[in-house]
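Student: Once you've had a glance at the structure underneath, I'll fire off some questions.
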Amino acid sequence: MSIDYSNIKILPEQANEISNALYNIAGEVKALPGELDFNFRIKTKSETYILKIGRPHEDFEYLEFQKNILKHLSKSHLNAPNIFPDTQGKLISTIIDTDGNKRYVRLLSWIDGRLWSSVNPIKDNLLFSLGAQAGKVTSALKGFEHHKIHRQFDWDVAQAEWTSKHLGLFSTERQNMVSYFQKQFEIFQDDYKNLRKSVIHNDINDNNILVSSELENPEVIAIIDYGDTIYTQTINDLAVVISYAIMNKPDMLSAALPIVSGYHKEYPLMEVELSFLYNLVAMNLVISVTKSALNKQKEPENEYLLISEKPAWDVLEKWMQIDENLAHYSFRNSCGFKAHPNEEAFLKWAKNQQMSLQYFFPAIDFNHIHTIDMSVGSTWLGHESEYNDIELTNFKINRLQTEKPKALFAGGYLEIRPFYSTKAYQKEGNSGPEFRTTHLGVDFWVKENTAIHAPFDAEVYSVYNNGSNKDYGPTLILRHQTDSGIPFYSLYGHLSENSLNLVKQGQKIYKNDLIAYVGNVTENGNWAPHLHFQITLDLLGNTHDFPGVAFPDTVSVWRSLCPNPNLLFKYEGLNEHLKAPHEKIIDFRNNHLGKSLSLSYKKPLKILRGSGVYLIDDTGRKYLDTVNNVAHVGHEHPKVVKAGQDQMAVLNTNSRYLHNNINAFAKELLKTFPKALSVVHFVNSGSEAIELALRMLKAYTKAKDMIAVEIGYHGNTNACIGVSSYKFDGKGGQGAPEHTHIVPLPDTFRGLYQGKNTAEKYAKHIDDQIENIHSKGRKLAGFICESIISCGGQVELPENYLELVYQSVRNAGGLCIADEVQTGCGRVGKTFWGFQLHNVVPDIVTIGKPIGNGHPLAAVVCTQEVAQAFANGMEYFNTFGGNPVSCAIGNKVLQVIKVKKLQDNALIVGTFLKDELLKLQKSYPIIGDVRGQGLFLGFELTDNDKMPLTEKANYLANRMRDFGILMSTDGKDNNALKIKPPMVFTIENAKELLDRLKQILEEDFMKF
């Protein structure tokens, strides 16, 4: 029967009147959510309370029961509400509403904190804190006695059989899902009823959890509302917590695990309880969706009763896709138990087995194992284009086999590999994309058609052709058991197609029987010939396939489930691959490398491989790189790599010998410049280029005094630091040298002069500095400036600024240096060089490592006049400046930019990205300014008064890193985010960047 919800609803103004009448308390009132009670926050000048007004005909004994719970908890260390008496001394007051109904009222203390439902993000440390707090509550409720804890209660998971009567409320698809879990619940009742029981909270949901006000690393400080407290199986409480806390998480099982760990830390769980947890989570969700369906009929206007319906269905659907046993093993692992219950017994059995690989491969004559390194950072694998070339990989393996005829080539257990890049190996995790990269078996790199014999007696579980690209191809799975009856399975992947006819499902196999042959590349899933051999203690419901690689953060579970096959063989060289802890690497750096070296991000990354717009770390995770402009045409571009390798194999020497490469590169480079800039000097780095440019400038002008821009950075040598305000005005700096004169950063957003038409005002400071130099009886040597100020925060120069500045400098007899180390080579999109955006032609241009795609290559390009003045009889010789290898690489970079139209790409993608950032700015005013050109962009985080939000910028960069996108901060106040990715950055890459930015900008820490 439907209830007229509007007739019983209490409005905030009514609540204030009731509070004043009963407790002499009145204040600011805010309605709060509640299933049964009408809840209100009453905020006075000095205190805050929560007023709870019941429905008509509420059970007084039930309220007494809740009161007694709070009195019991007041003796514990929990942060739990206190209950206050009314003016008559009653802890439970009575009112008569306008319809003549008796209503009960209670006043509780308010606990400061944020509701879980309002917190963003929910990270693992907060989930752990929730589990721990829930465990503390269970512990605190020990010893509580009241007859109501033994009541009939629909929300008690142990009593969930009532939901079976209401299957008709759902669609056929949903009925199937709900009835599946109901049947599972029915099946295990006998064992479930024997689990330990205790008094539990039973309703730890979004609106009953209070979180601290600390935004970056919050903790759960209290759990409230004990109205659903019940005596039941203890594990039910954890199931309830999990079922609500994992809502809206892409990876629900991963989200559940820190909750389990936290709970276990405070209230130790029993192993037997964990085997029920997966289904109990589902049954609490079944109760929730059934209740929602019934409540729709009873009180269609009560939004609170429907608040969790859609998320509950979403969780139930995704939860059903998780293998129950895998969830069980993961829960065990989170509590510190062996993930698989049979692991220890299996390891003990395997230790006593004596199995020779000679029996496994009787046709191979070998006397030792040789491990092939196929890890992420393997130089044997080489470039991505090499390891994806099956013919080349096969050739390299065959060559190894020829060089080492007595070796068996094998390895790979728990090795993190770069191969698994298709969508089949990827998922959306709770912090962005994750990749299955950790190899769970041992690979034996043997020739095609090599015979394989059974290691143990067995029964054929399945034989099947998993024929998708990069799958196992023909696959055999055998079922075995240990002497004590523990079942386990051995898997043989990448077999020949004729292996499919050697054995049949259900067939008995005896030790040393021929069971299969190694397949060739056309039949084995498109791999170089090898056998993938893997052991597992549980096939997790798979019938003919099984994961051969795992996500790195789940390895502790999979290692237990899939033990190292070398436990059977006991060969040196087949041990598991262990990842070196970052702490050891960091400790060595701190002790033995330069003391002023820094590391990016709060959690530093160990990067082992690059590919296009991605950097890949030691777990095989790919990071979208929006920072490293040095990898100009993409990390490890295959044509650039090959150009360097080919020339390095022939010759690398200095420029005192004739060679075509230096001329060819210089010719192609000069094609990109105005005719006036026609002489090239090759060096090895941007700093060397600036250093040389300063020498040339001073040789031409016979002067020393330089004008440079505030926050400018031009390199790390003495002379470069001497014109870099970013350094000498920063930490450890000692201010400008005598002959360096700084003009204000021409920032039209937060600078000295803001808005449009500020060029003349900023340029006037150049004239002032020239006058200052002349007043000291000295001459101006020149002016140095980037075409877009990078370390200043990607600051675009005002229109006409450089034209005015160049005119003033030249009128004073000085030269102009354009520092194009970061902005050059097509990056700004509209033009090839940044200075061309400003309609000026410098006297000297400096180019840095982007011209070598990260190879140590740089250049100085100048006019004939400057070059002649520098050639004063003192030879300029740079041992490796202009060497054949560097010139081959540089020429290839220019060729790739031209052929792949990367300058056009920078314009198209950069324009799209900048436009979208400007749209984003309208929704998120924390983005104070968006600026830059092409793929040299930035945005600045400020408050409404343009004050810098440095901490938020740092937070944003680190959170983007968490989600697999690399960004960095810069600017005068380190509040600007830089975007200067490899030039192969695509529209799709830009969309991914924007999506993640939106996600992080919604987080609590980013609000102001």
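Residues 6 to 1013 (the numbering used here) are what the sequence shown spells out, left to right.
All C-beta atoms in this analysis are idealised placements derived from N, C-alpha and C, irrespective of residue type, glycine included.
#1: I want to know whether the segment 130-139 touches the segment 258-268 - three or more CB-CB distances under 8 Å.
#2: Between which two residues does the beta strand (DSSP E) harbouring Cys867 extend?
#3: Does the segment 217-233 come close enough to the segment 252-261 that 3 or more CB-CB pairs lie under 8 Å?
#4: In three-state terms, what does DSSP make of Asn470?
#5: Starting from Ala145, trace the alpha helix (DSSP H) both ways and give me its first and last residue.
#6: If you compare alpha carbons, which of Thr541, Leu545 and Arg484 is closest to Tyr515?
#7: Which same chain residues, not among the five before or five after Asn963, have their C-beta less than 7 Å away from its C-beta?
#8: Excluding the five sequence neighbours on either side, which residues of its own chain have a C-beta within less than 8 Å of the C-beta of Lys707, listed in chain order?
#9: Return yes when the Cβ of Val684 is within less than 8 Å of the Cβ of Val866, no when it is not.
#10: Can you give the Cα-Cα distance for Phe43 and Ser335, rounded to whole angstroms?
#11: Any idea which residues DSSP pairs Pro552 with across the strands?
#12: Rounding to the nearest angstrom, what Cα-Cα distance links Met6 and Glu66 in this structure?
#13: Below 8 Å on the Cβ atoms is my contact criterion, and I expect Leu954 with Phe1013 to pass it. Report the Cβ-Cβ distance as a whole number of Å.
#14: Short of 8 Å in beta carbon distance, which residues of its chain neighbour Glu997, apart from the five on each side in sequence? Order them along the chain.
#15: Are the beta-carbon atoms belonging to His860 and Pro643 less than 8 Å from one another?
#16: Could you tell me the alpha carbon to alpha carbon distance between Ser390 and Pro987, rounded to whole angstroms?
#17: CA-CA distance, Phe556 and Phe440?
#18: DSSP puts Pro438 in a beta bridge; with which residues?
#19: Mapping DSSP to helix, strand and coil, what is Ser7?
#20: Cβ of Ile74 within 8 Å of Cβ of Ala20?
#21: I'd like the span of the beta strand (DSSP E) that includes Val748, first residue to last.
#22: Determine, using beta-carbon pairs with one atom in the segment 529-541 and one in the segment 491-509, whether at least three such pairs fall under 8 Å.
#23: Which partner residues does Asp824 have in the DSSP bridge list?
#24: Got a sec? Which residues, its chain only, sit under 7 Å from Asn454 by beta carbon, not counting five neighbours each side?
#25: Tell me Asp934's beta-bridge partners as DSSP assigns them.
#26: Going along the chain, which residues of its own chain have a beta-carbon closer than 8 Å to the beta-carbon of Ile491, five neighbours each way excluded?
#27: Within 10 angstroms of its Cβ, does Gln759 collect 16 or more other Cβ (buried), or is it exposed?
#28: Give me the Cα-Cα distance between Ile591 and Arg1001, rounded to the nearest whole angstrom.
#29: Mind pulling the alpha helix (DSSP H) runs of 4 or more residues that sit fully within the segment 693-727?
#30: Pick from Ala145, Arg46 and Val871: whose alpha carbon is nearest that of Leu78?
#31: Among Ala368, Phe837, Val748 and His206, which residue has its Cα nearest to the Cα of Thr143?
#32: Cβ of Gly839 within 8 Å of Cβ of Ile793?
#33: Can you tell me where the beta strand (DSSP E) holding Glu33 begins and where it ends?
#34: Just reading off the beta strand (DSSP E) that Leu507 is part of, what are its end residues?
#35: Whose C-beta lies closer than 8 Å to the C-beta of Lys14 among residues of the same chain, with five residues either side of it excluded?
Tutor: The relevant details are as follows:
#1: yes
#2: Position 862 of the sequence shown, counting from 1, holds the residue named residue 867. Segment Ala863 to Cys867, the beta strand (DSSP E) holding Cys867.
#3: no
#4: For the purposes of this step, residue 470 is taken as residue 465 along the sequence shown, with counting starting at 1. It is a strand residue.
#5: For this step, residue 145 is matched to residue 140 along the sequence shown. Here the alpha helix (DSSP H) through Ala145 covers Asp129 to Ala145.
#6: Position 510 of the sequence shown, counted from the first residue, corresponds to residue 515. Comparing Cα-Cα distances from Tyr515 to each of Thr541, Leu545 and Arg484, the minimum goes to Arg484.
#7: By one-based count along the sequence shown, residue 963 stands at place 958. Excluding positions up to five away in sequence, the list reads Tyr606 and Lys607.
#8: Translated into the one-based positions of the sequence shown, residue 707 becomes position 702. Same-chain partners within the cutoff: Lys784.
#9: To locate residue 866, count along the sequence shown from 1; it is residue 861. To locate residue 684, count along the sequence shown from 1; it is residue 679. Result yes, Cβ atoms of Val866 and Val684 sit closer than 8 Å.
#10: Within the sequence shown, the letter at position 38 stands for residue 43. Within the sequence shown, the letter at position 330 stands for residue 335. The straight-line gap from Cα to Cα measures roughly 40 Å.
#11: On the sequence shown, position 547 is the one that residue 552 refers to. Paired residues: none, contrary to the question.
#12: As a position in the sequence shown, residue 6 is number 1, starting the count at 1. As a position in the sequence shown, residue 66 is number 61, starting the count at 1. Here Met6 scores only 42 on pLDDT, less than 50, and its place in the model is too uncertain to base an answer on.
#13: Numbered from 1 along the sequence shown, position 949 holds the residue referred to as residue 954. Numbered from 1 along the sequence shown, position 1008 holds the residue referred to as residue 1013. Indeed, because the Cβ distance is near 7 Å, the residues count as touching under 8 Å.
#14: Along the sequence shown, read from residue 1 onward, the residue named residue 997 stands at position 992. Counting only Cβ-Cβ distances below 8 Å, and skipping sequence neighbours, we find Leu629 and Ile970.
#15: The residue given as residue 860 occupies position 855 in the sequence shown. The residue given as residue 643 occupies position 638 in the sequence shown. No, the pair does not count as a contact, with Cβ atoms beyond the cut-off.
#16: Along the sequence shown, read from residue 1 onward, the residue named residue 390 stands at position 385. Along the sequence shown, read from residue 1 onward, the residue named residue 987 stands at position 982. Going by the C-alpha atoms only, they are around 18 Å apart.
#17: One-based indexing of the sequence shown puts residue 556 at position 551. One-based indexing of the sequence shown puts residue 440 at position 435. Going from the Cα of Phe556 to the Cα of Phe440 covers about 6 Å.
#18: For the purposes of this step, residue 438 is taken as residue 433 along the sequence shown, with counting starting at 1. According to DSSP, which records beta bridges pairwise, Pro438 is partnered with Glu433.
#19: Indexing the sequence shown from 1 puts residue 7 at position 2. Its pLDDT being 48, under 50, Ser7 is placed unreliably in this model, and the coordinates cannot settle the point.
#20: Residue 74 sits at position 69 when you count from the first residue of the sequence shown. Residue 20 sits at position 15 when you count from the first residue of the sequence shown. No.
#21: The count along the sequence shown starts at 1 and reaches residue 748 at position 743. Looking at the DSSP string, the run of the beta strand (DSSP E) that includes Val748 is Thr745 to Val748.
#22: yes
#23: Start at 1 with the first residue of the sequence shown, and residue 824 comes out as number 819. DSSP lists Glu791 and Thr851 as partners of Asp824.
#24: Looking up residue 454 in the sequence shown gives position 449. So the list reads Ser501, Tyr522 and Val523, once near-sequence residues are dropped.
#25: On the sequence shown, residue 934 is found 929 positions in, with the first residue counted as 1. The partner list for Asp934 (beta bridge, DSSP) reads Glu945.
#26: For the purposes of this step, residue 491 is taken as residue 486 along the sequence shown, with counting starting at 1. Excluding sequence neighbours, Ile491 sits near Asn347, Ala350, Phe351, Trp354 and Leu542.
#27: For this step, residue 759 is matched to residue 754 along the sequence shown. Exposed.
#28: What you label residue 591 is simply residue 586 of the sequence shown in a count that begins at 1. What you label residue 1001 is simply residue 996 of the sequence shown in a count that begins at 1. The alpha-carbon atoms of Ile591 and Arg1001 are separated by roughly 29 Å.
#29: 723-726
#30: For the purposes of this step, residue 78 is taken as the residue at position 73 of the sequence shown. Among Ala145, Arg46 and Val871, the Cα nearest to that of Leu78 belongs to Ala145.
#31: Position 138 of the sequence shown, counted from the start, is the residue given in the question as residue 143. Looking at the Cα atoms, His206 is the closest of the given residues.
#32: Here residue 839 refers to the residue found at position 834 of the sequence shown. Here residue 793 refers to the residue found at position 788 of the sequence shown. Yes, the Cβ-Cβ distance between Gly839 and Ile793 is below 8 Å.
#33: Your numbering for residue 33 matches position 28 in the sequence shown. Segment Glu33 to Leu37, the beta strand (DSSP E) holding Glu33.
#34: Along the sequence shown, read from residue 1 onward, the residue named residue 507 stands at position 502. First-last for Leu507: undefined, no H or E at that position.
#35: What you label residue 14 is simply residue 9 of the sequence shown in a count that begins at 1. Correct list, in chain order: Phe43.
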